[in-house]
Amino acid sequence: MEWMLMPYRRYADFSGRSRRKEYWMFALLSMIVAFVSVMLMFAGGMGSDGTAPGGTFWLGTLLIVVWGLGSIVPSIAVQVRRFHDQGRSGWMVLLGFIPYVGGIIVLVFMCLEGTRGPNQYGPDPKNPAQSDVFA
Numbered sequence: 001m002e003w004m005l006m007p008y009r010r011y012a013d014f015s016g017r018s019r020r021k022e023y024w025m026f027a028l029l030s031m032i033v034a035f036v037s038v039m040l041m042f043a044g045g046m047g048s049d050g051t052a053p054g055g056t057f058w059l060g061t062l063l064i065v066v067w068g069l070g071s072i073v074p075s076i077a078v079q080v081r082r083f084h085d086q087g088r089s090g091w092m093v094l095l096g097f098i099p100y101v102g103g104i105i106v107l108v109f110m111c112l113e114g115t116r117g118p119n120q121y122g123p124d125p126k127n128p129a130q131s132d133v134f135a
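Numbering-wise (full-length UniProt numbering), the sequence shown opens with residue 1 and increments by one.
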């Protein structure tokens, strides 16, 4: 759970490096919240009169909207730090805006291992001797 919430503790920190584990645990948490929200929305699909959505539909909608708005900055920040971990510029996040293939390109980069040892963006987050990386 610590890895899932780490991007929220480093909310708008666009400097430094992040491990793949941090990125993918955050992505997993986001998928779980989205799944629960959609299930709530389906559970409250129609109200008692058959035309208006029920209360759980609006609860699921509220949850997904609040989560989405609250997660925009941390998701971009953790993605920038993943690019930094590979020795690349954080501006590569903009590759995701290329139609059709941009998301696939970013996905591939998020799966790649980071550079070993320190790089221009900071120390290696996989090195357990450097405890200040997660401070």
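Ideal Cβ placement from N, Cα and C applies to all residues, glycine included.
Take GLY87 as the anchor and find which of GLY60, TYR121, VAL93 and LEU112 has the nearest alpha-carbon.
Numbered from its first residue, the sequence shown carries residue 87 at position 87. The shortest C-alpha to C-alpha distance from GLY87 to any of GLY60, TYR121, VAL93 and LEU112 is the one to TYR121.
Does the separation of the CB atoms of PRO74 and TYR11 fall below 7 Å?
By one-based count along the sequence shown, residue 74 stands at place 74. By one-based count along the sequence shown, residue 11 stands at place 11. For PRO74 and TYR11, yes; Cβs fall inside 7 Å.
Quick one: using the 10 Å Cβ neighbour count with 16 as the cut-off for buried, is SER15 buried or exposed?
Within the sequence shown, numbered from 1, the residue matching residue 15 stands at position 15. Result: exposed.
VAL36 to GLY44, Cα distance in whole Å?
Position 36 of the sequence shown holds residue 36. Position 44 of the sequence shown holds residue 44. So the alpha carbons of these two residues sit roughly 12 Å apart.
Need the endpoints of the alpha helix (DSSP H) that SER37 sits in, please.
Position 37 of the sequence shown holds residue 37. 20-43 is the span of the alpha helix (DSSP H), which, as asked, contains SER37.
Counting beta carbon pairs with one atom in the stretch 64-80 and one in the stretch 25-42, are three or more of them shorter than 8 Å?
Taking 8 Å as the limit for Cβ pairs, the verdict is that the stretch 64-80 does touch the stretch 25-42.
With 16 other CB atoms within 10 Å as the buried threshold, where does MET31 fall?
The count along the sequence shown starts at 1 and reaches residue 31 at position 31. The residue in question, MET31, is exposed, as its Cβ has fewer than 16 Cβ neighbours within 10 Å.
Got a sec, what are the start and stop residues for the alpha helix (DSSP H) ILE76 sits in?
Within the sequence shown, the letter at position 76 stands for residue 76. Where ILE76 is concerned, the enclosing alpha helix (DSSP H) stretches over 55-85.
Contact set for LEU112: own chain, Cβ-Cβ below 7 Å, skip 5 residues either direction:
On the sequence shown, position 112 is the one that residue 112 refers to. The residues are GLN86.
Please confirm whether PRO118 has its beta-carbon closer than 7 Å to some beta-carbon of chain D.
Absence of chain D from the displayed structure is noted, only one protein chain being present.
How about VAL106 and PRO7: are their beta carbons less than 7 Å apart?
Taking the first residue of the sequence shown as position 1, residue 106 is located at position 106. Taking the first residue of the sequence shown as position 1, residue 7 is located at position 7. For VAL106 and PRO7, no; Cβs fall outside 7 Å.
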